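Numbering (the numbering used here), first residue to last: 59 to 803.
Below: the structure, in structure tokens.
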């Protein structure tokens, strides 16, 4: 138990650092936070840790949407509870007090810049300077125009600039800094404020002509302060002062970043909650104990377990593997139990036998009593068997350390291990009575996907994720039992594509995958690009969709159509999306195929509230309407289809849809006629003209009898204009020939 002095230190710490930001002053008021808020704080911490497959986190807890998304007051309150302010926090806050203020946080990712921005918005909100806070997406273009600002009043906005990307030639415009003054004026009209997140290298390039002192320097709070706040917030009775003053713990914080601090917090909480009897003894940790009391011994074992976990338990795992008599079956059981955490022990036991065969160690007969049993193996790996027949490790971070040890220790077994890993959640082992539920299967897939993601990002190699994608794609459409595996993996990739710690590598990996001819990888790219990544990083997503859109695989093509339609639903990305599509349509290379497919999707789509084509509707925001020239380029590409039954049918239906819209809507009639007419203009357009005439004639013939005369008039008008354009083109060609002959004579 903690001493009275330590309890007083802890109480003083909470009084000084935690309650003032919340307004709590008494234990009764503090208790009103309740278990729910503290559980949510743990969820936010897991999100910040980017513990991908296991985070309960942010979106489920606070229900964020993507573009112009509200940052809920409940979340801002939680941020105030845990945020450790830098010394310059009051100075940063001062930059935002006046309406129209713009503050640039120029700091590398993973240095706490996002939570600093949220804390500033929280203070503005609770001080009454703003009525709400929102995150706004940059959009897909290189510019951020004033009209992208939301129209609400008394709001605090957070804008994260997309990272520059050399391989796809995407960069935020170097004129961004010069346009901040215009943004400030527009913000001031509605009593709004704006915080911009950028990186030092990017800011040096785009800061030209920006207002003076708009990006003040500051240093993030020390890692110890960050950890102290989190510990006191999540565990109000936790002896924060005692732990922070410990020399071994203090050493862990030397040079640590904010993300490191949260990782250490995670280990501290796990060690403090573990059964002390399951933690290594002091002798095993080779540390001298200064306090012989029972409490002192318990505390030292917890502290030194955190230290060992921070070092991936390397010494302890080495000792375990070197023990005399240690068998490969035991090593494989430890590995399988670590990666299949949470699975029923019978499944783990059966999968170990498969792993032994996969690694070339021969067949292990586990049905009888020749091989070691579950109880013996659980004891051999220093684990416990919970009441629900699930293997647990009490040492903090032990299972992840086991995986890391294997990966480093057995480089020639990695490929076989990854093959086994991909199969683990797919097939139920034979002879096992316990069934694995769909929820357990998904949890297992999340665990495996999280491991693959961490290793891919850390080592900058896509192999673990690639093998999962290829294996789980194969079963996603054929095996109903495991069809959710693909969705789980796509969720992990989608999350990783927008997280600071993983995004740079995942973006590159997606670009590489988009250029392959492998349907599984291309479909994964399309799936990720159709979601939040596509809305937040529209330009980058479209560059990847361009390559994936050239695929001949039906599943990939179908996914592309869904992605284009999903992205169009967001008004903020429409202009960029359509601009890219038309550029593809105009190209003379393989990009035209992606353009034709993408435009075909939009040309044949209607909104839920109307039967008119969505490309002819004015958006609610009124910020983008395709020009007639853009529409004609798109139609030209659609009418250049390769005569497959699918594309031919889609083109015919789209033409009929547009002709019906022109028939029923006088305001758009000229737009439709002009777009279709110009799409087939030119000497190289004979096939397009013939197709268009055929489609329009079928529309005229097959429509309702009561509108036959009106359809005939519209059909005749379009045909006459096409004939006129054809005669004009022929005359132009004849004049050119006559001119050439005259010069020759």
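For each residue, glycine too, the CB sits at the ideal point set by N, CA and C.
If you're wondering where the values come from, they're calculated on a predicted model, not measured in any experiment.
Less than 8 Å separating the beta-carbons of residue 731 and residue 776? yes
What are the boundary residues of the alpha helix (DSSP H) that residue 500 is part of? 496 to 517
Taking C-alpha atoms, which residue in 684, 209 and 446 lies nearest to residue 191? 209
Best match in 764, 355, 748 and 628 for proximity to residue 589 [C-alpha to C-alpha]: 628
Helix, strand or coil: how does DSSP classify residue 127 here? strand
Which complete alpha helix (DSSP H) runs does the region 239 to 296 hold, if anything under 4 residues is left out? 258 to 264 and 281 to 292
From residue 580 to residue 487, what does the alpha carbon distance come to, in whole angstroms? 31 Å
In angstroms, rounded to a whole number, what distance separates the CA positions of residue 207 and residue 682? 15 Å
Within 8 Å, do at least three Cβ pairs link the region 421 to 431 to the region 455 to 472? no
Residues near residue 790 by beta carbon distance below 7 Å, same chain, minus five either side: none
Span separating the alpha-carbon of residue 542 from that of residue 601: 28 Å
Tell me, please, which residues DSSP counts as bridged to residue 811. With the chain running from 59 to 803 in the structure shown, residue 811 is simply not present.
Determine which residues share a DSSP beta bridge with residue 214 and list them. 191 and 251
Is the Cβ-Cβ distance between residue 305 and residue 363 less than 8 Å? no
Can we say the region 149 to 169 touches the region 249 to 263, given the rule of at least three CB pairs closer than 8 Å? yes
Is it true that the region 642 to 650 meets the region 613 to 628, where meeting means three or more beta-carbon pairs spaced less than 8 Å apart? no
Applying the criterion that 16 or more other CB atoms from any shown protein chain within 10 Å of the CB defines a buried residue, is residue 773 buried or exposed? buried
Nonlocal neighbours in the same chain, by C-beta distance under 8 Å from residue 123, ignoring five residues either side: Legend: pLDDT at residue 123 = 34, less than 50; position of this residue unreliable, no value from coordinates given.
Since residue 337 contacts residue 452 with CB under 8 Å, what's their CB separation in whole angstroms? 7 Å
Reduced DSSP secondary structure (H/G/I, E/B, other) of residue 370: coil
Strictly by DSSP, which residues pair up with residue 402? 448
Between the Cα of residue 721 and those of 403, 562, 604 and 771, spot the shortest distance and give me the residue it belongs to. 771
Using the three-state DSSP reduction, which class does residue 335 fall into: helix, strand or coil? helix
Should residue 650 and residue 695 be called a contact, given that it needs their Cβ atoms to be closer than 8 Å? yes
List the residues that DSSP assigns as beta-bridge partners of residue 228. 223
Name the two residues that bound the continuous beta strand (DSSP E) containing residue 162. 160 to 164
Would residue 177 and residue 138 qualify as a contact pair, given that the criterion is a beta-carbon distance under 8 Å? yes
Compare the beta carbon distance of residue 160 and residue 242 with 8 Å and say whether it is the shorter of the two. yes
Buried versus exposed, by CB contacts within 10 Å (16 or more), residue 111: At residue 111, the pLDDT of 29 sits below 50, so the modelled position is not reliable; the number obtained from the coordinates is stated separately. Result: buried.
Contact set for residue 134: own chain, Cβ-Cβ below 6 Å, skip 5 residues either direction: 180 and 183
What would DSSP say about residue 697, mapped onto helix, strand or coil? coil
Spatially closest choice to residue 372 from 382, 566, 462 and 497, by CA coordinates: 462
Restricting to Cα atoms, I'd like to know which of 559, 232, 606 and 239 is closest to residue 265. 232
Do you know how far the Cα of residue 408 is from the Cα of residue 431? 11 Å
Are residue 403 and residue 447 closer than 8 Å when you measure CB to CB? yes
Whose CA, out of 174, 544, 401 and 218, lies closest to the CA of residue 147? 174
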